[in-house]
Structure formats: structure tokens, C-alpha cells
Amino acid sequence: MTYRLGVDIGGTFTDIALIDEATGQTYTGKVASTPQDPSGGFMEAVQRLLQQVAAQDVTYIVHGTTVATNAIIEGKVAPTGFITTEGFRDMLEIARQIRPTLYDLQFAKPRPLVPRHRCLGVPERLAASGAVLTPLDEDALRQVADQLRAEGVESIAVCFLHAYANPAHERRAGEILAEVFPEAVVSLSAEVAPEFREYLRASTTVINSCIRPVIARYLQRIEERLAQAGIAAELLVMQSSGGVYTFAAARQKPVYMVESGPAAGVIAAAHLGQARGYEQVISFDMGGTTAKAGLIQGGVPSLTKDYEVGTTAQSGIGATRGAGYPIRTPVIDLVEIGAGGGSIAWVDPGGILRVGPQSAGAEPGPACYGQDGTQPTVTDANLVLGRLNPRYFLGGEMALDPVAAQRAVEQQCAQPLGMGLVEAAYGIVEIANTAMVNALRLVSVQRGYDPRDFALVAFGGAGPAHANRLAALTEIPVAIIPQSPGTASALGLLVTDLKHDYATTRIERLDQVNPQVLEQTFLALEAQGRETLGREGMAAAAMDFRRQVDLRYVGQSHELTLPLAAGALGPAQLDRLLEQFHQTHDRAYGFSATGEDIELVSVRLSAIGQIAKPALAPLATATEEATAKGHRPVYFAESEGYVDCPVYDRYALGAGAVVPGPAIVEEIDSTTVVHPQYQVRVDEVGQMLLTAAAS
Numbered sequence: 001m002t003y004r005l006g007v008d009i010g011g012t013f014t015d016i017a018l019i020d021e022a023t024g025q026t027y028t029g030k031v032a033s034t035p036q037d038p039s040g041g042f043m044e045a046v047q048r049l050l051q052q053v054a055a056q057d058v059t060y061i062v063h064g065t066t067v068a069t070n071a072i073i074e075g076k077v078a079p080t081g082f083i084t085t086e087g088f089r090d091m092l093e094i095a096r097q098i099r100p101t102l103y104d105l106q107f108a109k110p111r112p113l114v115p116r117h118r119c120l121g122v123p124e125r126l127a128a129s130g131a132v133l134t135p136l137d138e139d140a141l142r143q144v145a146d147q148l149r150a151e152g153v154e155s156i157a158v159c160f161l162h163a164y165a166n167p168a169h170e171r172r173a174g175e176i177l178a179e180v181f182p183e184a185v186v187s188l189s190a191e192v193a194p195e196f197r198e199y200l201r202a203s204t205t206v207i208n209s210c211i212r213p214v215i216a217r218y219l220q221r222i223e224e225r226l227a228q229a230g231i232a233a234e235l236l237v238m239q240s241s242g243g244v245y246t247f248a249a250a251r252q253k254p255v256y257m258v259e260s261g262p263a264a265g266v267i268a269a270a271h272l273g274q275a276r277g278y279e280q281v282i283s284f285d286m287g288g289t290t291a292k293a294g295l296i297q298g299g300v301p302s303l304t305k306d307y308e309v310g311t312t313a314q315s316g317i318g319a320t321r322g323a324g325y326p327i328r329t330p331v332i333d334l335v336e337i338g339a340g341g342g343s344i345a346w347v348d349p350g351g352i353l354r355v356g357p358q359s360a361g362a363e364p365g366p367a368c369y370g371q372d373g374t375q376p377t378v379t380d381a382n383l384v385l386g387r388l389n390p391r392y393f394l395g396g397e398m399a400l401d402p403v404a405a406q407r408a409v410e411q412q413c414a415q416p417l418g419m420g421l422v423e424a425a426y427g428i429v430e431i432a433n434t435a436m437v438n439a440l441r442l443v444s445v446q447r448g449y450d451p452r453d454f455a456l457v458a459f460g461g462a463g464p465a466h467a468n469r470l471a472a473l474t475e476i477p478v479a480i481i482p483q484s485p486g487t488a489s490a491l492g493l494l495v496t497d498l499k500h501d502y503a504t505t506r507i508e509r510l511d512q513v514n515p516q517v518l519e520q521t522f523l524a525l526e527a528q529g530r531e532t533l534g535r536e537g538m539a540a541a542a543m544d545f546r547r548q549v550d551l552r553y554v555g556q557s558h559e560l561t562l563p564l565a566a567g568a569l570g571p572a573q574l575d576r577l578l579e580q581f582h583q584t585h586d587r588a589y590g591f592s593a594t595g596e597d598i599e600l601v602s603v604r605l606s607a608i609g610q611i612a613k614p615a616l617a618p619l620a621t622a623t624e625e626a627t628a629k630g631h632r633p634v635y636f637a638e639s640e641g642y643v644d645c646p647v648y649d650r651y652a653l654g655a656g657a658v659v660p661g662p663a664i665v666e667e668i669d670s671t672t673v674v675h676p677q678y679q680v681r682v683d684e685v686g687q688m689l690l691t692a693a694a695s
């Protein structure tokens, strides 16, 4: 018997999933995260599941983590130097002239990750075509390396002007730095982000450099601890774009894993939706710290290239561009807000009840955790409303304190606002719901899609408690609650493929593009991907290459990414691409200009090594009507108060079982709230389908 192991480290809990490759049987676990040393929580979770199987039977481990993001947010990055073209050393200081809030006079741009005295220029210059205007001054580069050594840097980022068009100067710089400063790790922009727009390329390369030593040490600790536990499995890391890559590749390009953890949840949602035949899915992941929403079309998550790392989650939906450090790598398009189970409810100076973005985290956690927390959270409010069982949290492993929850909500929210305890608790939950509905609309309506055409896959420890209300407010017809929703992100780690993304800038009017030349560009990127996947042990038959292009109207400063069908390029395919661009532009922006010229900007290719995915294990068919294991009073606004609500054990519900609302369905890592006029039905693989009750 062989098994796959997925470990996802979140802000509050570390989730783990173990899947039997032969049967699809899944085992899950959840432990508190250890923010001071995330590898501690990682190994605690692994040791827990090793009680189920032998260490030598684990074939590979996939890891999703927020270590890279946290290092940037907390400023715990390696001392880094920045080398660029002479005259451009202030590139990181200048950054972009945008701000997240237009009229905020107190806004200060994020401090550059590399201070100005470690940003140095070297004489060299390339034209936009890649032609050499000024040769690289190698002696000056050696002097710069000596300066950075004296500054004690661990890592160096090299970003020369127009290196995307001709990487020769950067490659030579890398050779010289390896010769004169071998102890420093060097990142070249032509290898990390070979695209135009020098600041975005520089920012991406600097982030990669800043976190390389941090991630290398972290991954080494995990490797050592796994070896001590007798595990010799293949080790993979989740990427921000939804694929996985090896620990070795992650050490070279850690910037590709900054959104590692959240990406796994979207992959899980895509996989679980497809299991039910839903190709159009909205992923909703509500954990202890944040809630995240993503869009999946045709079974494929939407990606974006415009992403910033280092920003904090917002309490509501608003612009955040300019508040962090931009990266120019593919990232699953997520909206993340500070509305998790641990999000703190508070009253602002104007007497308005707010929820988040501050979180109680794992320590001390919500007031009901009994760890000296005093601030009321969404979890406390749900407990006051009777929606959580204080004796069955984490399957009874952790007891909740209803009195502490009531006291926190009463003292911090109800009394200052002059309202009753229940009214305040319901207000907290509804404010969080409203923020999350806005997130769902941002990834759907504001992208040009109708949420009524999608299914909602709700997971995370707190997701199923809010899924019914969110589906009702957005008119989504069905919400899918997977088995063990609290650890679904860890499951997503086990059903994703190896992936490497490549790109090159090629600005040319589409009507002047030579299909044969463009085909050669794709084949060159494909050769890189084939070599990398082969080096990682992937058979040629398991390799897949997906093509994309960035297009825009001539004169625009932003572009749209469109997929290209497989097969040799020809004029007919370019004509179809032209039509597709107009349609996509109309959907995204509400208009298209069919008479305007279109410009090719960048060429992209994803090299995918397909990994066999175990099928979900079938569930035994229910032989009798679902029976409640008990009752308790639960508050529903639709019923205008508390109702004596039946409580069901999810593990006792067989395939085909139907539970009418109002009802509560409990399992070890989550609680599903079924509102009046709704019902859940259990499908053949154990997922619960939440829909409006048949009239």
C-alpha cells in the first residue's frame, strides 16, 4: 500500500491529508500552527497521521505554506543587494505612482525590501530590441560585488534594463558574481521574470532574492525532520499558480510559492466540483484568519499576473494596489479578506460594529478557546447563536467555553451599542457574511460572470457554517460541502500536477505576426519545459504543454491573457484568436473595439507533468432515513429566534441521505448550518449538496 501526504500550514491551523493511492480512502488531521517555527506544526501533523500508516509507505509529500508571504509581511527577509543598469539604482524607491486609497494623505509607500545603499548600478545598456548599446563593465561589477560583500548581504538580485530581450549581460554578471562572491545566492531577472516593465521585473527578482535563503533553511529543516522520522518520499511544494514543483526548484525560485497555501484550496475546489460534473465553480475557503474566493472555469482556476505580496487582508472589499510589492508571476486569482472564524468584532469610534481584519489567530484565539483571549470573534458569535457544539469542536479534542464567548460579545459589542447579546452576535455573523458576499461578487460579477451560473464549493473550518447564507445572498443554486472541509486545502495538494511556467515578451501587431516564427517561440519554451520535467523524472507521455498569449489594443497599457489551442499555429488560429480577444475584452470591460488594431505583448507556456489522481472513495448507500443524534436551540433570523434544531452526525449519513433544514450537520473539523427552506443531500462519494428545498 502506498500513500500521498499533503500538509497545508495556515495562520491558525495546520491541516494534513493522507490518501491511499489504490482505494482513494482519505485520512485527515488538524493541529494548531506554530508561527515561531512552522516546521514544528508540520511535523506534529505528520507524526499524527504516521500513526495510521508506516513511514516507508508514503511515496510523496506535497506542502502548502505561507512562510514566504509571512517573511515579507514581517520583514524577516535575508540581507539582499540589488544590481541594475547604471542610473537606475532608485528604481525600487520610485516604484509606481499609485496608491490603494486615492484620498488618503497619510499613506506611505511600502519601504523597499532592499535599502538604497545596497542598490548599485553598473555601466551597461541594452536597447529594447536586445541590441548592445554599452557593453557590461566587468571591472565595475567586481567592485560592486566587493561593496555588497562588505555590507554582509546573503543574496543578490540582478535586473538590467531590457534583459528580457537579451539575457547575455545578466548571465555574464551571474558568472562573475559566482566567481568573486560565491557565498551569495544570485537571482537573475531574465530567469525569474523575463518580461518587459522593468520595475515589475525588478520587484519580482528582489522578492525572489530576499526569501531564497529563508525558504532554503525552512525546507532544509523539513527535510531533516522527515528523514529522522524515516520518510524518504519525494518532496514537492505548491505553487501560487496551482501546480507543484520540487523542493530543489522551490529553493531556486521561491517567488513562485508566495500564495502556496491558498492556491491549494482552489485546486481542491476544482477537483471536487468536477467530481460532481460542475466545471463552473466558485471556491470559498473560510479559515480561522481569512476568507478567500476564487473563480474556476472549465475546471481550470483563473490566473492573474497582477498580484502584490506584503499587503494585509482587508475587512471589506476595496482597492489594495500599491500597498504591497508587485510580483510578475502567474498566481491564482483570489480575493482575500480578513473575515475568518478568528476575525475580531469591534466597535469603531463612530459607534459602528466592524468585523476584522484583525484576527485572534492561533494564540490566544477566540475568547471561547479558553486561552486568555478576550476579544469577540466570528467563532464566538456562532457559538452564542448555537451553531457550534462546545463539546464537539475538533471532534471533542478541544472544548469551547460558551460563557467566555457570551461575555466577550456582551462586553465588547452588545453593551457599547446598547443592544442585546443575541442581536449583537447575529450582527457580527451578518457583517462577516456581507464582506464575504462582496468577495464572491468581486471574483464573479466584477469579472463579467453571473454567480448563478456557478456552483459554490465551501470549505475551510468555518466555510460550511456560512455557505448556506452566502449561496442564498448571491443566488448560487448549489453549494458543495466536501468531506472533511476543514482539511480540503490539504487534499488539493494531492490532486495537482507538476508545473513550470515560462514567458517571454514579444511586442508586435497581431496582423503582422508570422505564425511560423511564433510557433518557433513556443517550441523553444516547450523545450525548456520538457528538459525541466525530464530532469524531475517525468515520462514524456505524462507531459502536457499549454500555450497562452497576452494581447491588447494598440495604445493600451494593460493586456488580457488568452489560451491558444494545441497544434501548429496558422493564420486560421490567429483569426480565431482575434475574435476571442474582442469577446473577452467585452466581457471584462463592457466594450470591445473591433476596428482597432490588436497587439501581441507576451508569449506564455505552462509545462505540466501529469500526476495520476486517486479517485474519491465511494460512500456506502443510506439504508434508512437520516436520524438526528440530538437537538439544541439554534438561532435563525428566518424563524425570528431560536428553534429546537436537529443535529446530525455527518459520519452516520450514507449516500442518498437527505437532511431538511433547519439542521446542523457536525463532523470533526467543521459544522454545516442548513437554514430553513434548504436541504442537503449526500452524494455517492460523500459530498453534501446544499440546495433550496423542493417546494
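Numbering-wise, our numbering puts 317 at position 317 of the sequence shown, and it's gapless, one number per residue.
C-beta atoms are modelled at their ideal positions from N, C-alpha and C, and glycine is treated no differently.
query                                                                                                                                                          : result
Check residue 436 in the structure and name its three-state DSSP category.                                                                                     : helix
Can you check which of these residues, 680, 285, 268, is closest to residue 463 by C-alpha distance?                                                           : 285
When the Cα atoms are used, what is the spatial distance from residue 590 to residue 575?                                                                      : 22 Å
Assuming residue 443 and residue 564 are in contact, meaning their beta carbons sit under 8 Å apart, how far apart are those beta carbons, in whole angstroms? : Wrong, their Cβ atoms sit about 24 Å apart, outside the cutoff.
Just the Cα atoms here: how many angstroms apart are residue 535 and residue 234?                                                                              : 14 Å
From the DSSP output, in three-state form, read off residue 316 for me.                                                                                        : Legend: pLDDT at residue 316 = 39, less than 50; position of this residue unreliable, value from coordinates given subsequently. Coil, per DSSP.
Should residue 379 go down as buried or exposed, given a rule of 16 or more other Cβ atoms within 10 Å for buried?                                             : buried
Please classify residue 514 as buried or exposed, where buried requires at least 16 neighbouring CB atoms within 10 angstroms.                                 : exposed
Can you check whether the CB of residue 665 is closer than 8 Å to the CB of residue 696?                                                                       : For the chain, the structure presents residues 1 to 695; residue 696 sits outside this window and is missing.
Rounded to the nearest angstrom, what separates residue 650 and residue 481 at their Cα positions?                                                             : 11 Å
Can you tell me where the beta strand (DSSP E) holding residue 83 begins and where it ends?                                                                    : 80 to 85
Once DSSP output is grouped into helix, strand and coil, what is the label at residue 426?                                                                     : helix
Bridge partners for residue 63 per DSSP, in chain order?                                                                                                       : 7, 237
Is residue 453 buried or exposed, if buried means 16 or more other CB atoms sit within 10 Å of its CB?                                                         : exposed
Does DSSP put residue 209 in a helix, a strand or coil?                                                                                                        : helix
Under 8 Å between the Cβ atoms of residue 671 and residue 465?                                                                                                 : yes
Could you check the C-alpha separation between residue 601 and residue 560 for me, to the nearest Å?                                                           : 9 Å
Flag residue 296 as yes when its Cβ comes closer than 7 Å to any non-hydrogen atom of the ligand FAD, and as no otherwise.                                     : Annotation note on the ligand FAD: not contained in the displayed structure, which lists no ligands.
How many angstroms separate the CA atom of residue 423 from the CA atom of residue 663?                                                                        : 21 Å
Apply the 10 Å Cβ neighbour rule to residue 349 and answer buried if 16 or more other Cβ atoms are within range, or exposed otherwise.                         : exposed
On the three-state DSSP scale, how would you describe residue 589?                                                                                             : helix
Confirm, please, whether the CB-CB distance from residue 124 to residue 162 is below 8 Å.                                                                      : no
Given a cut-off of 8 Å on the beta-carbon distance, is the pair residue 307 and residue 327 in contact?                                                        : yes
Roughly how many whole angstroms lie between the Cα atoms of residue 212 and residue 425?                                                                      : 44 Å
Just the Cα atoms here: how many angstroms apart are residue 104 and residue 98?                                                                               : 12 Å
Quick check on DSSP: helix, strand or coil for residue 672?                                                                                                    : strand
Can you tell me where the beta strand (DSSP E) holding residue 606 begins and where it ends?                                                                   : 598 to 609
Looking at the secondary structure, which residues open and close the beta strand (DSSP E) in which residue 297 lies?                                          : 291 to 297
Does the count of Cβ pairs from the segment 103 to 117 and the segment 224 to 238 closer than 8 Å reach three?                                                 : no
Determine whether the beta carbon atoms of residue 467 and residue 456 lie at a separation below 8 Å.                                                          : yes
Going by the beta-carbon positions, is the gap between residue 239 and residue 263 smaller than 8 Å?                                                           : yes
CA-CA distance, residue 586 and residue 429?                                                                                                                   : 37 Å
With DSSP collapsed to three states, give me the class of residue 683.                                                                                         : coil
Is residue 283 helix, strand or coil by DSSP?                                                                                                                  : strand
Would you list, in sequence order, the uninterrupted beta strand (DSSP E) runs of no fewer than 3 residues that lie entirely inside the segment 494 to 529?    : 498 to 509
Measure the C-alpha to C-alpha separation of residue 412 and residue 260 and round it to an integer number of angstroms.                                       : 35 Å
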